[in-house]
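In my numbering, the protein residues as written are 311 to 777.
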């Protein structure tokens, strides 16, 4: 049985670990994707803004002339950028910082901050200012298969470029001054920049994210296993408590059943005996039947309490009258042991609660006090109001409870130092029910006891608010 339970918990722990790992890993991956995408967009948004600004400066500096000066067409741009001066990327004499790996690459086709060129009516690249370092054929190759209107990236000879091409409608081609005298019509203005540092940074970021994901995977598995263990702690405790409860209940039921069975068999051995002759055995059967009936009823109450199937009928209850009624009923039993019960109960104390359950609560406590108080002992019941709470104390001069047993006396079927003795008719469930009742009434219960001197149960209940 224990092996089956252990195997069951191992399966549950494995499932919880896998589930927790999957959830944590998905969250980590999504977070990494969001970070990478944000940095990627932020970097290239700044570059794209600078390219749009460079085209604007180019138009102003080289005096782009539109045929209809009263209505100059605006270039069609597919992204949300305004034509404005570009933000500075360090300084005007921009130099691309290269790593050792990048220094071994062939030189880039364009190694300027942003190069702005134009395309004439025949599709040829036009440089407004001659530059010996720039090869027109390389620029033409770079611009092959590029679309207009939105920025795009290209990689050639292990270098990365960002290109923005703005075209104009056929009826309104602008003209660009080339050199000092020549003016030619153009159909496109194109901005080009090298983005090696940005791409390199994104590649390094990707490597870091991948390495972090691999390392994080093992950390996530460990964290998921730890969380699964923590989640199973209360489940295991509840399971063990339930198993102990079932074991104890079976043990408690086994004894009265065995007594009833034995007495019945003895009766069958003497069928000619009269009832009077077998009255002892019949009385034993009746006694154990009554005990078993009470035990089953108590077990049913606890089972229904655990599943929250018991509804409390809360109303105003005169606690002073309730305590006096219970004391009157317990008094004859106490007198049989010459036990004196004294009461100091404030009048007109009203609490909000279930009268039937409160009655059961105080019967349990007073019955225990009488049961474990020796002959000629004393029981004191007091009640008063303090700080908006009703305080009830039940104190006896009985056998007491050892300090090591006090933390466990409210557990089901617990018996320490024979404090709960089956010979006295106890099932070990009374105080468990008492604690459940007091908690249902938002109250508190505590115990003070000295072994051999007596026990005091102190209860706190909320006072009924008067309207």
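Think of the CB as a built atom: it goes at the ideal place given N, C-alpha and C, for glycine as much as any other residue.
Residue i versus the options, residue with shortest Cα-Cα distance
{"i": "residue 602", "options": "624, 560, 579, 629", "result": "560"}
{"i": "residue 451", "options": "460, 461, 467, 459", "result": "467"}
{"i": "residue 596", "options": "640, 569, 504", "result": "569"}
{"i": "residue 767", "options": "676, 364, 550, 645", "result": "676"}
{"i": "residue 474", "options": "456, 483, 484", "result": "456"}
{"i": "residue 774", "options": "539, 664, 459, 594", "result": "664"}
{"i": "residue 772", "options": "519, 697, 713, 483", "result": "697"}
{"i": "residue 343", "options": "368, 358, 454, 515", "result": "515"}
{"i": "residue 532", "options": "763, 324, 744, 757", "result": "324"}
{"i": "residue 605", "options": "556, 659, 639, 648", "result": "556"}
{"i": "residue 615", "options": "746, 672, 494", "result": "746"}
{"i": "residue 599", "options": "463, 574, 587, 612", "result": "574"}
Beta-bridge partners of residue i, as assigned by DSSP
{"i": "residue 474", "result": "501"}
{"i": "residue 694", "result": "701"}
{"i": "residue 462", "result": "473"}
{"i": "residue 495", "result": "485"}
{"i": "residue 760", "result": "764"}
{"i": "residue 688", "result": "650"}
{"i": "residue 626", "result": "662"}
{"i": "residue 655", "result": "693"}
Classification of residue i by the beta-carbon crowding that lies within 10 angstroms, buried from 16 upward
{"i": "residue 361", "result": "buried"}
{"i": "residue 330", "result": "buried"}
{"i": "residue 498", "result": "buried"}
{"i": "residue 318", "result": "exposed"}
{"i": "residue 584", "result": "exposed"}
{"i": "residue 385", "result": "In this prediction, residue 385 scores a pLDDT of 42, lower than 50, which makes its location untrustworthy; the coordinate-derived value is nonetheless stated afterwards. Buried, since its Cβ has 16 or more Cβ neighbours within 10 Å."}
{"i": "residue 627", "result": "buried"}
{"i": "residue 351", "result": "exposed"}
{"i": "residue 484", "result": "buried"}
Bounding residues of the alpha helix (DSSP H) (the contiguous stretch that carries residue i)
{"i": "residue 560", "result": "506-579"}
{"i": "residue 661", "result": "Premise fails: residue 661 lies in the beta strand (DSSP E), 660-663, not in any alpha helix (DSSP H)."}
{"i": "residue 634", "result": "629-645"}
{"i": "residue 749", "result": "740-750"}
{"i": "residue 450", "result": "446-452"}
Opening and closing residue of the beta strand (DSSP E) in which residue i lies
{"i": "residue 770", "result": "764-772"}
{"i": "residue 704", "result": "699-706"}
{"i": "residue 430", "result": "425-430"}
{"i": "residue 605", "result": "Per DSSP, residue 605 belongs to no beta strand (DSSP E); it is in the alpha helix (DSSP H), 589-616."}
CB contact flag (residue i, residue j, <8 Å)
{"i": "residue 635", "j": "residue 679", "result": "no"}
{"i": "residue 435", "j": "residue 449", "result": "yes"}
{"i": "residue 689", "j": "residue 651", "result": "yes"}
{"i": "residue 334", "j": "residue 525", "result": "no"}
{"i": "residue 469", "j": "residue 426", "result": "no"}
{"i": "residue 661", "j": "residue 691", "result": "no"}
{"i": "residue 327", "j": "residue 538", "result": "yes"}
{"i": "residue 322", "j": "residue 633", "result": "no"}
{"i": "residue 630", "j": "residue 693", "result": "yes"}
{"i": "residue 756", "j": "residue 739", "result": "no"}
{"i": "residue 657", "j": "residue 711", "result": "no"}
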